[in-house]
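The structure appears below as structure tokens.
There are 2 protein chains.
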Amino acid sequence: MKTNLALALLIGGSCWAQAAPDATPAPSNVGSAEYPQIAPDLRVTFRLKAPNATKVQLRGGAGLVKDSIDLARGDGGIWTVTTPPAVPGFHYYWFVVDGLNVNDPSSYTYFGWGRETSGLDVPEQGVDFYEAKDVPHGEVRARWYRSTLTGKWRRANVYTPPDYDKHSGTRYPVLYLQHGAGENERGWVEQGRANFILDNLLAAGKARPMIVVVDTGYAARPAGAAPPTSSTRTPGPTSAFEEVMLSELIPMIDSTYRTLADREHRAMAGLSMGSMQTLQITLKHLDQFAWIGAMSGPPRQGFDVKTAYDGVFGDASAFNQKVKLLWLGAGTAEEQIHKNTLAMHEALAKAGIKSAFFSSQGTDHEWQTWCRSLHDLAPRLFRN
Amino acid sequence: MKTNLALALLIGGSCWAQAAPDATPAPSNVGSAEYPQIAPDLRVTFRLKAPNATKVQLRGGAGLVKDSIDLARGDGGIWTVTTPPAVPGFHYYWFVVDGLNVNDPSSYTYFGWGRETSGLDVPEQGVDFYEAKDVPHGEVRARWYRSTLTGKWRRANVYTPPDYDKHSGTRYPVLYLQHGAGENERGWVEQGRANFILDNLLAAGKARPMIVVVDTGYAARPAGAAPPTSSTRTPGPTSAFEEVMLSELIPMIDSTYRTLADREHRAMAGLSMGSMQTLQITLKHLDQFAWIGAMSGPPRQGFDVKTAYDGVFGDASAFNQKVKLLWLGAGTAEEQIHKNTLAMHEALAKAGIKSAFFSSQGTDHEWQTWCRSLHDLAPRLFRN
Chain A
1 MKTNLALALL IGGSCWAQAA PDATPAPSNV GSAEYPQIAP DLRVTFRLKA
51 PNATKVQLRG GAGLVKDSID LARGDGGIWT VTTPPAVPGF HYYWFVVDGL
101 NVNDPSSYTY FGWGRETSGL DVPEQGVDFY EAKDVPHGEV RARWYRSTLT
151 GKWRRANVYT PPDYDKHSGT RYPVLYLQHG AGENERGWVE QGRANFILDN
201 LLAAGKARPM IVVVDTGYAA RPAGAAPPTS STRTPGPTSA FEEVMLSELI
251 PMIDSTYRTL ADREHRAMAG LSMGSMQTLQ ITLKHLDQFA WIGAMSGPPR
301 QGFDVKTAYD GVFGDASAFN QKVKLLWLGA GTAEEQIHKN TLAMHEALAK
351 AGIKSAFFSS QGTDHEWQTW CRSLHDLAPR LFRN
Chain B
1 MKTNLALALL IGGSCWAQAA PDATPAPSNV GSAEYPQIAP DLRVTFRLKA
51 PNATKVQLRG GAGLVKDSID LARGDGGIWT VTTPPAVPGF HYYWFVVDGL
101 NVNDPSSYTY FGWGRETSGL DVPEQGVDFY EAKDVPHGEV RARWYRSTLT
151 GKWRRANVYT PPDYDKHSGT RYPVLYLQHG AGENERGWVE QGRANFILDN
201 LLAAGKARPM IVVVDTGYAA RPAGAAPPTS STRTPGPTSA FEEVMLSELI
251 PMIDSTYRTL ADREHRAMAG LSMGSMQTLQ ITLKHLDQFA WIGAMSGPPR
301 QGFDVKTAYD GVFGDASAFN QKVKLLWLGA GTAEEQIHKN TLAMHEALAK
351 AGIKSAFFSS QGTDHEWQTW CRSLHDLAPR LFRN
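Residue numbers (the working numbering), protein chains in the order written: chain A, 1 to 384; chain B, 1 to 384.
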């Protein structure tokens, strides 16, 4: 640790082409890949063999790399760089080799940025609420269903709590949990580890057993019969999601799993784009949802409590009676989003609307914010 | 089609940088990505934007590209190539850009070759036994379990047949199904579509409802206390799989799911490396397995029926009575493997040992061979 600190002082926060001597392979590496390596102070060393490249850069999530960092060429065409200390948690990343995006063969890929993207897990010291631990584990079930509206097969990932199959007389509340733009139904499992977060909360008696449904927030009706020149030819990629969710997904879940199929036992939450979808859908359909979680996605426009969401906040007492939880949260490092979310919370409070507000300290518009958000939100759900 | 044929004649089986006018985006493309495109005659056009590259090649599965094919540079640094007609089915592929392996941002990645690798699905005309169809669907359940032997968490993908949860009094036989070298527990679901194959067979009444367990065939005990110079320091990556399977996986499955937990209701099959693991494990433990499937993975050494597998074939009548099915198969385009598998089948027959032999016409050491193999094997399992 001493050597490492000395190195850190020496390089003064800039980047460095040598891994610290006490760095170890990231837990997210493929098989026995030696790089990326993470030092105790969370500097991360990346390595790529690209003998013919003239320029190699690292790009990725804001808590790992701001904009981009150049790698340095070493013997045998091995390019390396050591970043400044990273924010803990999951980060997307990729190399840019002479202008071309290239994933790291040493890491698994995750669906983000609209494509398969390398991912790195930077452990947070003393924090294991999202790790696989020696507690009873639920399952994540891939459930395929035909969507008539979109004309496509969809895959929902359904978390069932431990011993769901053994408690065959029990029915469960359901949380619908949405990813962000450029991601899909894999996000909350692979990047967000929703299943391990729930397993650990349940083992500690901190949350009520629930089913969690993770579907993709993208859904569009097929291109219509309008002529090819029409601007309406291609519907927006999320344009049919509300309809798919209400008329296809929820009925399928309620008829397939042992759910408590009423609004008091149905929650929806989401991050970023999924947060905006959550607010739009739940506030429009309060007959369907009583629990609402908006992570890092406040309303796009300036929030006016009187007019927002068709005036749903107009009658504070009726709203407070109907909605069991309106949860808002963001990371402090995603400054504008944090500010807007807090402003919404404060405007609601001023209007007499109850909402919960959660700040994730030091984290940006990345999955560590959302892991912590779920960890804060889930224990509050389905409590009366 | 006429234009296309003319083009094909013109280029005489070599490659071409323009997609046929009637080519359409591959069904495996990400979102609305336009390339790769597949023509009716199964020529595939690939495209990559790499303005600074000096050489771009395509590599991948044998049914798509033999060795490698050069892409041609066009306007704006867009590189393209059209392959000769591909063998139908799933193919791994990647680009080599100035010597560096690069995945295609337009395709999803699959775990093969020991890394995340782009994948392409080339539909086979009139063949839909592995497609998602409008039939009852089972689930694929991600089941995490702690392996004491390896000191690691493992994830098994468990297919449960349609309505498993509704038939709570029913117990099911189990097929353990293994991937090949460089792959993992995702292979039989993502590349091999085992769940859809089973769904379709079950809907047609052609197979007995069963649980299918797909785990990774890699398992090693942690490095021991031997000194770093010892050659035994790092155990082989599959060295503990047999032990993990028999003492951890099977007991976990039998205690978690409603299985018929005896040898008459337990099958094991695998492809390539998984085939060799299947033969090694089942023939050594006939008290545990009565159904055996070896896909594209005959014994490595010359097969001698008298001495092979510790002489298990020595008493033909005892073997035939004990083993309900010994299934062998390979693709005709993986010529040496097909030849060796057939030789094993014939040597067994000569010794009075019953085995089934399946040839997949025209397919190589790729997933189309194994999809067809499972489609042939599954209906024969657990029949008396």
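Quick reminder that beta carbons are idealized off the backbone N, C-alpha and C, glycines included.
Closest in alpha carbon position to A:G217, among A:K206, A:Y172, A:T259 and A:L271, is A:L271. When secondary structure is reduced to three states using DSSP, B:W113 falls in the coil class, being assigned neither helix nor strand. B:W113 has its alpha-carbon roughly 12 Å from the corresponding atom of A:G31.
Here B:N101 carries a strand assignment [DSSP, helix/strand/coil]. If you look at A:I197, you'll find it in the alpha helix (DSSP H) that goes A194 to A203.
Look at the beta carbons and you see the stretch 126–143 of chain B not touching the stretch 83–93 of chain A: under three pairs across the two are nearer than 8 Å. Per the C-alpha coordinates, the member of B:T54, B:I211 and B:R43 positioned closest to A:V97 is B:T54.
Counting only residues of its own chain and dropping the five nearest sequence neighbours on each side, A:M210 has a CB closer than 6 Å to the CB of Y172, P173 and L175.
Within chain B, the residues whose beta carbon sits less than 8 Å from that of A:H137 are R143, W144 and Y145, listed in sequence order. Between A:A207 and A:A356, the gap from beta carbon to beta carbon reaches 8 Å or more. Chain-ordered, the chain B residues with CB closer than 7 Å to the CB of A:A132 read W144 and W153. Of the residues B:D215, B:A50 and B:D364, the one whose Cα lies closest to the Cα of B:T238 is B:D215. The alpha-carbon of A:S168 is positioned some 21 Å away from that of A:E264.
It is roughly 58 Å from the alpha-carbon of A:G61 to the alpha-carbon of B:V305. Shown here for A:E248: same chain residues with a beta carbon closer than 6 Å to its own, the five before and five after excluded, namely S147 in chain order. Of the candidates A:R47, A:G274, A:M276 and A:E183, A:R47 places its Cα closest to the Cα of A:T82. Scanning A:A20, A:D41, A:G99 and A:K49 for the CA closest to the CA of B:A50 turns up A:G99.
In this structure, A:S296 sits away from A:E242, with a CB-CB distance that is not shorter than 8 Å. Taking the Cβ atoms as the reference, B:R266 lies roughly 16 Å from B:A294, outside the contact range of under 8 Å. Collapsing the DSSP output to three states places A:P51 in coil.
Below the 7 Å Cβ cutoff, chain B contributes G99 as neighbours of A:P51, in chain order. Within the model, the alpha-carbon separation for A:R380 versus B:V122 is close to 48 Å. Boundaries of the alpha helix (DSSP H) harbouring A:L342: E335 to K350, taken from the DSSP string. As the crow flies, the alpha-carbon of B:K350 is around 21 Å from that of B:Q336. Pairing B:F358 with B:A347, the inter-Cα distance amounts to about 15 Å.
Contiguous alpha helix (DSSP H) elements confined to the stretch 121–166 of chain A do not occur, taking only those with 4 or more residues. A:A72 and A:D254 have their C-alpha atoms some 55 Å from each other. Judged by DSSP secondary structure, A:S359 falls within the beta strand (DSSP E) whose first and last residues are A356 to S360. Around the beta carbon of B:A308, 16 or more other beta carbons sit within 10 angstroms, so the residue counts as buried. Nearest CB-CB separation between B:S168 and chain A: below the 8 Å threshold. According to the DSSP assignment, A:I250 belongs to the alpha helix (DSSP H) that extends over I250 to T256.
At the C-beta level, A:A240 and A:T150 come within 8 Å of one another. Nearest in C-alpha terms to B:P85, of all of B:D128, B:I78 and B:Q37, is B:Q37. In terms of CA proximity to B:D262, B:I250 leads the group B:T256, B:I250 and B:S373. Shortest Cα-Cα distance from B:D287 to any of B:G314, B:G302, B:Y145 and B:K322 involves B:K322. Contacts with chain A (Cβ-Cβ distance below 7 Å) from the stretch 99–115 of chain B involve G99, L100, N101, V102, N103, P105, Y108, T109, G114 and R115, listed in chain order.
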